[in-house]
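Everything below concerns the one structure shown next.
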Amino acid sequence: SFMKEVGVAVDGGKDSLSMAAKVNKKDVKAPGTLVITMYAPTDDVELKVTPDLKTSASDSLLYYVDVGKDAYRLGGSALAHVYGQVGKVSPDVEDAALLKNAFNAIQASIKDGHLLAGHDRSDGGLVVTLLEMAFAGNCGLDVDIPFPGGKAPTTKDVLQALFAEELGFVFQVEAGQHAGEVEAMFSKLNVPLVKLGKVTSDRTIKVCVNGASVLDEQMVDLRDVWEATSFELEKRQCNPECVAQEQRSLRTRTTPAWKVTYEPKLTPARQLSTRGQHRVAVLREEGSNGEREMMAAFHHAGFEVWDIVMADLVQKRVVLDERFRGVAFVGGFTFADVLGSAKGWAGVVKYHGDVLKQFAAFKAREDTFSFGACNGCQFMTLLGWLDHPQAKALEQETKTSATPRFVHNESGRHESRFVSVQIQESNAVMLRGMAGSSIGVWVSHGEGRAHFTHPKIQEQYVASGLAAIRYVDDSNQPTEEYPFNPNGSPEGIAGLVSTDGRHMCLMPHPERCYLKWQWPYMPTEFQSYPASPWLQIFQNAKSFCEESTQ
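Quick note on the working numbering: the sequence shown kicks off at 11 and runs consecutively.
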């Protein structure tokens, strides 16, 4: 009856109690665990509210929606576990109609653009919800949590008010008209709404219960305690020095100073209308997994996209000829990285003479471009597509190969993060008009550290402007520090470009954030742009094709 009232249904199920893994020649069986997955359609994926508190609003308020109807049951809570207990009575839904109305009120407020941040009261209780929001927003807060009775709270009252994991929500609203409209919306739907306090920029956490102070600490101190256990676990699966660098940097972190030196726009109808005139071949091999997003990005820029597997070229079902103006090499883990990242893929080209000739002819044409991301970046360097003639001239002096490679991350593990990069001055056709921009981008790789066999060769690439994209810290300075630089690349090198600017490779994944909703975080000033800043590189490729056709 509860599900009917809320309006949800069960569409399937699967029981599996045989999950096990073999560790040190022993079978380790997973305990039986109930997992419930929920999904629902959404009207607009770009319309979302994240948990991080925003300090950009000059004056904002924190509100609390109590769907638990003043219940403060601690059974099964994190607090109970800390004291070695389980408890007797756990939180539950007392009023399905209230839950539904609260959800509808929040949805309406999101659509109206009134909510700046939001988070559910869940693991840890209300105080943990508030702290997580402050940690993510790198700010402070000043709140007074009400407890039934209005009297001076006892120790039990405080524990229940702070740590009960009943249903509820916390959200941030700009003071003034927006706050008034939100209050009116919740009142209209008979949903209780409590004003807790305000967000502060001084990074101090002040929490009261019924006016009595229960917490007054610096946010960074509390966050250090919060993160301490995670960092200890990190040391067991990551390079300890990288963990230490990240731990040290946490106290002084600021909001990344992202900026764009151009105006991101949707692809003009004119470029979309000429889709059939310019074709790009998106190449993949066994183990590739980034072809869908790569094809979509080029499609959105007005290209006719061909999905081609290497076997098509080897078996001559497709020829990389004059029909194609561009070729893109996608991310993934070709041949499971057994021989090292992209080495097997590069071998397919090098040891099939006809394919090697096609690649050489395509690269030599002055009207073509190429782009490689992640595994595709490693592939391009192994083929020598990013070789620098002046660096090659140093091979005899240095007695080493001048071909750059990408090797294992300094952290010793696969890194999947959203990091900051800065676009440098270069002649890269895909980066035209973007120099000086600092923006966020996804990375996902285990072998992403740029490696040059001799310092003079590295210097030649940097001095010639071929290190076109660099990892930067929060103040937009190129860095080798972890986690700003996820792999330890020297001088923050994230990507390379050929001397003629037509061929570019980079370890990050701009094709995975060419749409605004693909960004896990986007600053307020970026949200007004009609398009993601990364769409520009694919649009630049289209413009290059149009110019070289004329």
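The C-beta atom is built at its ideal place from N, Cα and C for all residues, glycine as well.
Alpha carbon to alpha carbon, how far is residue j from residue i? Give it in angstroms, no decimals.
i, j, result
"Ile467", "Ala478", "16 angstroms"
"Ser454", "Val45", "27 angstroms"
"Asn200", "Asp21", "31 angstroms"
"Ser283", "Phe313", "10 angstroms"
"Leu177", "Val224", "22 angstroms"
"Asp53", "Phe369", "44 angstroms"
"Ser100", "Gly135", "13 angstroms"
"Glu376", "Phe536", "35 angstroms"
"Ser380", "Leu392", "14 angstroms"
"Pro266", "Thr559", "40 angstroms"
"Asp152", "Lys198", "28 angstroms"
"Gly207", "Leu71", "6 angstroms"
"Phe372", "Val329", "10 angstroms"
"Thr332", "Lys326", "Here the sequence assigns Glu to residue 332, which means Thr is not the residue at that position. Each residue's Cα considered, the two are about 15 angstroms apart."
"Gln170", "Ile215", "19 angstroms"
"Val168", "Pro51", "39 angstroms"
"Glu490", "Ser426", "17 angstroms"
"Asp364", "Asn249", "43 angstroms"
"Asn497", "Arg280", "40 angstroms"
"Ser411", "Glu557", "36 angstroms"
"Asp69", "Thr139", "20 angstroms"
"Asp25", "Lys552", "50 angstroms"
"Ser447", "Asp484", "13 angstroms"
"Leu525", "Thr165", "49 angstroms"
"Val92", "Lys32", "31 angstroms"
DSSP has residue i in a bridge; who is on the other side?
i, result
"Leu293", "Ile318, Phe339"
"Ala383", "Leu516"
"Lys182", "Lys is not the amino acid found at residue 182; the sequence shown has Gln there. Partner(s): Leu72, Ala127."
"Thr214", "Gln228"
"Ala31", "Val38"
"Trp452", "Phe428, His519"
"Val219", "Ile155, Ala222"
"Gly207", "Leu72, Val153"
"Lys269", "Ser448"
"Ser298", "Gly342"
"Arg415", "His461"
"Phe334", "Arg289"
"Val482", "Pro488"
Assuming contact is defined by CB atoms lying nearer than 9 angstroms, are residue i and residue j in contact in what I supplied?
i, j, result
"Val292", "Ile318", "yes"
"Phe334", "Trp355", "no"
"Phe416", "His461", "yes"
"Arg351", "Gly456", "For the record, residue 351 in the displayed sequence is Ser; it is not Arg. Going by C-beta atoms, Ser351 is nearer than 9 angstroms to Gly456."
"Thr277", "Val337", "no"
"Gln257", "Glu237", "yes"
"Arg131", "Phe196", "no"
"Gly300", "Gly386", "yes"
"His519", "Gly341", "yes"
"Leu516", "Ala383", "yes"
"Cys149", "Met229", "yes"
"Ala81", "Glu104", "yes"
"Val55", "Pro202", "no"
"Asn114", "Pro163", "no"
"Val137", "Val217", "yes"
"Glu296", "Thr344", "yes"
Check whether the Cβ of residue i lies closer than 9 angstroms to any Cβ atom in chain B.
i, result
"Ala162", "Looking at the structure shown, chain B is missing, and only one protein chain is on hand."
Can you list, in chain order, the residues of its chain with a C-beta nearer than 6 angstroms to that of residue i? Leave out the 5 residues immediately preceding and following it.
i, result
"Leu89", "Phe173"
"Phe548", "Ala307, Phe308, Ala311"
"Val16", "Ala106, Lys110"
"Met29", "Ala40"
"His188", "His124"
"Val192", "Ser119, His124, Val183"
"Gly511", "Asn437, Ala438, Val439"
"Pro543", "Val270, Pro274, Ile449"
"Ser499", "Arg459, Ala460"
"His513", "Ser380, Trp395"
Only counting the same chain, and skipping five residues up and downstream in sequence, which positions put a Cβ closer than 7 angstroms to that of residue i?
i, result
"Arg522", "Glu303, Trp452, Gln528"
"Val315", "Val290, Val292, Met305, Phe308, His309"
"Glu142", "Pro61, His129"
"Lys58", "none"
"Asn495", "Tyr481, Thr489, Gly502"
Between which residues of its own chain and residue i is the CB-CB distance below 8 angstroms, once the five residues before and five after are set aside?
i, result
"Phe241", "Val253, Glu256, Gln257"
"Pro488", "Gln432, Arg480, Tyr481, Val482, Glu501, Gly502"
"Gly97", "Arg83, Leu84, Gly85, Gly86, Ser87, Ala90"
"Gln434", "Ala445, Gly475, Ala477, Ala478, Ile479, Arg480"
> Quick one: any contact between the stretch 526 to 544 and the stretch 417 to 424, if contact means 3 or more CB pairs under 8 angstroms?
Replying inline: With a cut-off of 8 angstroms, the stretch 417 to 424 and the stretch 526 to 544 do not count as touching, because too few Cβ pairs lie within range.
>> If contact is defined by three or more beta carbon pairs under 8 angstroms, each pair taking one atom from either stretch, is the stretch 180 to 192 in contact with the stretch 154 to 165?
In response: A contact between stretches requires three or more CB pairs, one per stretch, nearer than 8 angstroms, and the stretch 154 to 165 fails this requirement with the stretch 180 to 192.
> Are three or more beta carbon pairs between the stretch 470 to 487 and the stretch 388 to 406 nearer than 8 angstroms?
Replying inline: Short answer: they touch.
> Touch check for the stretch 63 to 74 and the stretch 193 to 212: three-plus C-beta pairs under 8 angstroms?
Replying inline: Remark: three or more beta-carbon pairs, one from each stretch, lie closer than 8 angstroms, so the stretch 63 to 74 and the stretch 193 to 212 are flagged as touching.
> Pairing CB atoms from the stretch 429 to 439 with CB atoms from the stretch 492 to 510, are three or more of them under 8 angstroms?
Replying inline: Touching, yes.
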